[in-house]
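Residues 95 to 387 in the working numbering are what the sequence shown lists, from first letter to last. No residue lacks a Cβ here, since even glycine has one placed at the ideal position from N, Cα and C. Given the structure is predicted, the values throughout are model-derived calculations rather than measurements. Report on the following structure.
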Amino acid sequence: MMTGPSDYVPPKVWTWTAPGDGKFSSTNRPTAGATHDKKLPVGEHPLQLYSLGTPNGVKVTILLEELLATGHTQAEYDAWLIRIGDGEQFGSGFTEINPNSKIPALVDLSHEQPIAVFESGSILLYLAEKFGAFIPKDIAHRTACLNWLFWQVGSAPYIGGGFGHFYAYAPKKIEYAINRFSMEAKRQLDVLDRRLAESPFVAGVEYTIADMAIFPWYGGLVEGWLYNDAATFLSVQDYPHLKAWADRLLERPAVQRGRMVNRVFGDPSSQLHERHDASDFETKTQDRLVKKS
Numbered sequence: 095m096m097t098g099p100s101d102y103v104p105p106k107v108w109t110w111t112a113p114g115d116g117k118f119s120s121t122n123r124p125t126a127g128a129t130h131d132k133k134l135p136v137g138e139h140p141l142q143l144y145s146l147g148t149p150n151g152v153k154v155t156i157l158l159e160e161l162l163a164t165g166h167t168q169a170e171y172d173a174w175l176i177r178i179g180d181g182e183q184f185g186s187g188f189t190e191i192n193p194n195s196k197i198p199a200l201v202d203l204s205h206e207q208p209i210a211v212f213e214s215g216s217i218l219l220y221l222a223e224k225f226g227a228f229i230p231k232d233i234a235h236r237t238a239c240l241n242w243l244f245w246q247v248g249s250a251p252y253i254g255g256g257f258g259h260f261y262a263y264a265p266k267k268i269e270y271a272i273n274r275f276s277m278e279a280k281r282q283l284d285v286l287d288r289r290l291a292e293s294p295f296v297a298g299v300e301y302t303i304a305d306m307a308i309f310p311w312y313g314g315l316v317e318g319w320l321y322n323d324a325a326t327f328l329s330v331q332d333y334p335h336l337k338a339w340a341d342r343l344l345e346r347p348a349v350q351r352g353r354m355v356n357r358v359f360g361d362p363s364s365q366l367h368e369r370h371d372a373s374d375f376e377t378k379t380q381d382r383l384v385k386k387s
């Protein structure tokens with residue numbers, strides 16, 4: 095049963111007064127553009143990634159690690175940490191490559207003029223096409239892959255900004271908002287579960303960028319690492335095909351490595367704040383750096 099109505103009455107014209115008291119309120123504002131001057135660091139590899147180990151950031155590092163695992167040496171990359179809680183996404187260097195001030199953002203230095211790519215779905219598509227990998231060549235299967243890729247980028251805001259925000263992060267628990275977005279979250283989980291009941295991967299028989307895009311969000315939900323106890327709240331046991339698919343992906347070494355890059359939470363052994371070489375996974379995780387210091 096719904097609780098009583100809020101006593102909030104929207105004004106005729108909305109104005110922004112100050113950040114709210116939600117967990118990520120400091121990362122949002124109603125205007126674009128840089129708030130301070132700060133150049134971005136540049137490493138030695140062709141690809142420069144500026145990111146954080148959120149679901150959107152993990153999509154890209156999984157793909158980069160999968161490309162390297164399959165022999166695409168030109169996919170070597172430097173992964174630089176952007177701490178969005180500290181407002182680093184509003185630095186002048188970052189807004190130059192992504193005027194939307196959201197992670198991840200990528201710069202490809204292998205061209206005569208560097209190419210900046212932003213929006214996680216665009217980065218996945220760019221890299222898949224650049225290396226001719228993890229995207230089907232057949233028009234029907236390619237279209238299926240893109241269908242699911244774009245489904246994810248269009249649907250995830252309901253999971254993150256909708257369900258996740260109101261369930262886990264909002265300063266007040268609003269029953270209407272939680273019910274509204276829980277219903278949509280479960281509908282999306284059911285969409286995937288039905289699809290994966292008939293196909294080993296979301297786009298068909300091939301493992302593609304569509305799987306890499308969907309896994310950090312929906313795989314994260316059913317594996318239980320998103321939004322506190324959301325897995326219990328959403329009864330993820332109702333989606334066995336989705337859980338089995340997530341389990342299979344989680345067994346892939348490249349997926350395991352991709353989840354570590356730019357990660358700043360969890361067990362220190364799972365955190366690789368910056369990645370500049372494959373050996374960093376063995377020598378520069380936070381647990382090892384702490385021991386050295």
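task = List in chain order: all unbroken beta strand (DSSP E) runs of 3+ residues lying wholly within the region 246-289.
result = Residue ranges of uninterrupted beta strand (DSSP E) with 3 or more members are absent from the region 246-289; none lies entirely inside it.
key: Beta-ladder partner(s) of residue 298, from DSSP   = Taking the first residue of the sequence shown as 1, we reach residue 298 at position 204. Bridge partners of residue 298: 295.
ask   = With a Cβ-Cβ cutoff of 9 Å, do residue 319 and residue 254 count as a contact?
value = Position 225 of the sequence shown holds residue 319. Position 160 of the sequence shown holds residue 254. One thing to note: residue 319 has its Cβ no nearer than 9 Å to the Cβ of residue 254.
ask   = With distances taken from CA atoms, which of 278, 148 and 157 is nearest residue 141?
value = Within the sequence shown, the letter at position 47 stands for residue 141. For the residues 278, 148 and 157, the minimum Cα distance to residue 141 belongs to 157.
task = Please go through the same chain and pick out, in chain order, the residues whose beta-carbon is closer than 7 Å to the beta-carbon of residue 96, but skip the five residues on each side of it.
result = Within the sequence shown, the letter at position 2 stands for residue 96. With a pLDDT of 48 at residue 96, under the threshold of 50, the predicted position of this residue should be treated as unreliable, though the coordinate-derived value follows. The answer, listed in chain order, is 269 and 270.
request  = Return helix, strand or coil for residue 172, following the three-state DSSP convention.
outcome  = Here residue 172 corresponds to residue number 78 of the sequence shown, with the count starting at 1. Strand, per DSSP.
ask   = Based on Cα-Cα distance, which residue from 276, 225 and 132 lies nearest to residue 183?
value = Within the sequence shown, the letter at position 89 stands for residue 183. The option with the nearest alpha carbon to residue 183 is 132.
message = Using a 10 Å radius around the Cβ and a threshold of 16 neighbouring Cβ atoms, would you call residue 150 buried or exposed?
response = One-based indexing of the sequence shown puts residue 150 at position 56. Answer is buried; the Cβ neighbour count reaches 16.
ask   = If you pair each beta-carbon of the region 224-241 with each one of the region 171-186, do three or more pairs fall below 8 Å?
value = Touching, no.
task = Identify every residue that forms a DSSP beta bridge with residue 144.
result = Taking the first residue of the sequence shown as 1, we reach residue 144 at position 50. Beta-bridge pairing links residue 144 to 174 and 199.
inquiry  = Please state the DSSP three-state secondary structure of residue 187.
reply    = Counting from one through the sequence shown, the residue named residue 187 turns up at place 93. Reduced to three states, the DSSP call for residue 187 is helix.
request  = Could you name the residues of the same chain whose beta carbon sits closer than 7 Å to that of residue 337, not counting the 5 residues immediately before and after it, in chain order?
outcome  = As a position in the sequence shown, residue 337 is number 243, starting the count at 1. Hits under 7 Å: 316 and 330.
request  = Please confirm whether residue 246 and residue 308 have their CB atoms less than 9 Å apart.
outcome  = Position 152 of the sequence shown holds residue 246. Position 214 of the sequence shown holds residue 308. Going by beta carbons, residue 246 and residue 308 fall inside the 9 Å limit.
task = For residue 218, I'd like the list of residues in its chain whose CB is within less than 8 Å of its CB, leaving aside the five on either flank, ordered along the chain.
result = Along the sequence shown, read from residue 1 onward, the residue named residue 218 stands at position 124. Cβ neighbours of residue 218 beyond the five flanking positions: 153, 154, 157, 243, 303, 306 and 307.
key: Chain-order list of residues whose beta-carbon lies under 8 Å from that of residue 358 (same chain, five-residue window excluded)   = Locating residue 358 in the sequence shown gives position 264, where the first residue counts as 1. Cβ neighbours of residue 358 within its own chain (closer than 8 Å, five residues either side excluded): 146, 147, 175, 177, 365 and 367.
message = So the candidates are 375, 252 and 380; which of them puts its Cα closest to the Cα of residue 347?
response = The residue given as residue 347 occupies position 253 in the sequence shown. The residue among 375, 252 and 380 with its C-alpha nearest the C-alpha of residue 347 is 375.
request  = Consider the C-beta atom of residue 279 and the heavy atoms of the ligand HEM; say whether any pair is separated by less than 8 Å.
outcome  = With respect to small molecules bound, the structure shown includes none, and the ligand HEM cannot be examined in it.
query = Where does residue 134 sit, in a helix, a strand or coil, going by DSSP?
reply = As a position in the sequence shown, residue 134 is number 40, starting the count at 1. The answer is coil: DSSP assigns residue 134 none of H, G, I, E or B.
request  = Please report the residue range of the alpha helix (DSSP H) in which residue 349 lies.
outcome  = Within the sequence shown, the letter at position 255 stands for residue 349. In the DSSP annotation of this structure, the continuous segment of the alpha helix (DSSP H) that includes residue 349 starts and ends at 347-354.
request  = Report the residue from 250, 352 and 195 whose alpha carbon sits nearest the alpha carbon of residue 161.
outcome  = Reading the sequence shown from its first residue, position 67 is the one you call residue 161. For the set 250, 352 and 195, the Cα lying nearest the Cα of residue 161 is the one of 352.
request  = Report the option in 279, 267, 272 and 273 whose CA atom is closest to the CA atom of residue 252.
outcome  = Position 158 of the sequence shown, counted from the start, is the residue given in the question as residue 252. Per the Cα distances, 279.
task = Starting from residue 375, follow the alpha helix (DSSP H) in both directions and report where the run begins and ends.
result = The sequence position of residue 375 within the sequence shown is 281, counting from 1. It spans 374-377 - the alpha helix (DSSP H) in which residue 375 sits, taken as one unbroken run.
task = Might you give, ordered along the chain, the residues of its own chain that have their beta carbon closer than 7 Å to the beta carbon of residue 363, omitting 5 neighbours on each side?
result = In the sequence shown, counting from the first residue as 1, residue 363 sits at position 269. In its chain, beyond the 5 residues on either side, 379 and 381 have a beta carbon closer than 7 Å to the beta carbon of residue 363.
query = So residue 262 and residue 321 are in contact, right, with Cβ under 8 Å, and what is the actual spacing, rounded?
reply = Residue 262 sits at position 168 when you count from the first residue of the sequence shown. Residue 321 sits at position 227 when you count from the first residue of the sequence shown. So it is a contact: roughly 4 Å between Cβ atoms.
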